[in-house]
């Protein structure tokens with residue numbers, strides 16, 4: 003490897019330098035420091051030994067301090083050079099400031115949220131977050147994590163019970179869920195004239211549909227991979243509770259059990275009442291820890307699952323995202339979307355209970 007040095011030594015070592023030429027010595031010293039910095043950084047890049055690399059980089063940083071000392075000394079010895087350095091600094095600042103302003107204007111021109119101002123964007127995003135938090139029921143008891151935008155796939159581990167717990171892994175892709183809503187420009191102008199919050203009825207409805215999509219995807223994934231599947235009649239008092247008890251006896255993990263049902267099945271089970279006046283929903287609540295009701299669940303099916311990250315979890319990539327699609331006629335179209343994947347790790351601990359008429 004070769005090193006090209008910037009500094010030379012044109013000075014006669016037998017002649018003392020005085021007057022204006024002292025500044026020349028300082029300049030040569032500054033150039034020598036640049037050589038040293040480049041040399042140490044290059045040497046650091048040539049080694050894989052972290053301890054050596056750390057020392058070389060540390061020395062290079064010290065040389066940068068020495069370079070600053072030479073430049074400060076040069077400004078004192080050569081006032082004209084000091085003026086030029088200050089002038090150069092101002093030119094750089096001006097160029098960078100103009101570039102930042104241009105980038106800011108370009109970013110504003112490419113604003114993905116179209117006609118909305120910052121206040122309106124915050125109001126709409128807040129409505130989206132609140133609606134999803136209220137209506138996405140299954141994420142409330144299943145462990146979840148968010149990896150951020152750009153995540154396309156995640157590793158998934160499956161556990162097998164036995165004398166030795168075995169595991170296998172796979173890579174599964176994230177799925178995109180999305181809904182759309184529109185805001186009329188005329189209505190937006192009206193709310194602005196009234197100094198009121200932006201219209202959010204369509205935002206809430208679209209967010210509610212996205213929550214239902216999310217619950218449907220989670221329910222379908224979990225129920226399709228459930229190892230314990232039980233069918234039976236739900237119509238007589240105690241029958242549904244007996245099926246749930248049977249499922250509990252057959253699943254591998256029995257702690258922190260959540261029962262997931264649809265609103266229609268909740269109403270149906272509440273109407274199945276024994277002679278003492280106890281309805282089936284009240285009865286089954288005694289054998290599970292939590293009952294979750296979601297519109298994303300199929301009618302006539304119930305899911306029993308422990309609230310344990312070792313059983314299943316949800317991985318979000320993008321979460322609660324809002325994009326501006328464009329103008330259609332006089333309406334501004336927006337998209338609410340998210341990406342997620344459901345990782346089932348121990349299907350032996352998940353039970354699907356189906357109604358059999």
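In our numbering, the protein residues as written are 3 to 359. The beta-carbon is built from N, C-alpha and C at its ideal position, and this holds for glycine as well. All figures in this text were calculated on a predicted structure; none of them were measured in a lab.
Note on geometry: alpha-carbon atoms of residue 329 and residue 195 lie some 21 angstroms from one another. In this structure residue 54 is exposed. Its beta-carbon is surrounded by fewer than 16 other beta-carbon atoms within 10 angstroms. In the assembly as shown, residue 291 is an exposed residue. Its beta-carbon has fewer than 16 other beta-carbons within 10 Å. Each residue's CA atom was taken as its position, placing residue 32 and residue 62 some 14 angstroms apart.
Residue 60 sits exposed, since fewer than 16 C-beta atoms from the chains shown fall within 10 Å of its C-beta.
Look at the beta carbons and you see the region 214–227 not touching the region 147–155: under three pairs across the two are nearer than 8 angstroms.
Here DSSP, grouped into helix, strand and coil, assigns residue 207 to helix. With fewer than 16 other CB atoms across the displayed protein chains lying within 10 angstroms of its CB, residue 50 is exposed. Between the alpha carbons of residue 262 and residue 155 lies a gap of roughly 27 angstroms. For residue 44, the enclosing alpha helix (DSSP H) begins and ends at 24–47. Of the residues 193, 209, 200 and 157, the one whose Cα lies closest to the Cα of residue 181 is 209. The residue from 241, 211, 173 and 232 with its alpha-carbon nearest to that of residue 139 is 211. DSSP, reduced to helix, strand and coil, places residue 304 within a strand of the structure shown.
Between the region 337–345 and the region 317–329, the count of C-beta pairs closer than 8 angstroms reaches three or more; the two stretches touch. If the five residues before and after residue 193 are omitted, its C-beta is found closer than 8 angstroms to the C-beta atoms of 199, 200 and 201, all from its own chain and listed in chain order. Residue state for residue 330 is assigned as strand, using DSSP reduced to three classes. Around residue 171, the same chain offers 157 and 159 as residues with beta carbons nearer than 6 angstroms, after the five sequence neighbours per side are excluded. In the three-state DSSP reduction, residue 51 falls in the coil class, being neither helix nor strand.
Among the bridge pairs identified by DSSP, residue 233 is matched with 356. The three-state secondary structure of residue 89, taken from DSSP, is helix. If only complete runs of 3 or more residues are kept, the region 146–202 shows the beta strand (DSSP E) at 146–148, 155–162, 168–175 and 177–186, in order along the chain. In this structure, residue 76 and residue 28 form a Cβ contact; the two beta carbons are roughly 5 angstroms apart against a cut-off of 8 angstroms. For residue 127, the CB contacts under 7 angstroms within the same chain, skipping 5 residues up- and downstream, are 324 in chain order. For the 8 angstroms CB-CB criterion, residue 184 and residue 204 form a contact. Residue 216 and residue 295 have their C-alpha atoms some 14 angstroms from each other. Between residue 265 and residue 297, the gap from beta carbon to beta carbon is short of 8 angstroms. For a cut-off of 8 angstroms, the C-beta gap from residue 121 to residue 206 is around 18 angstroms, too long to register as a contact.
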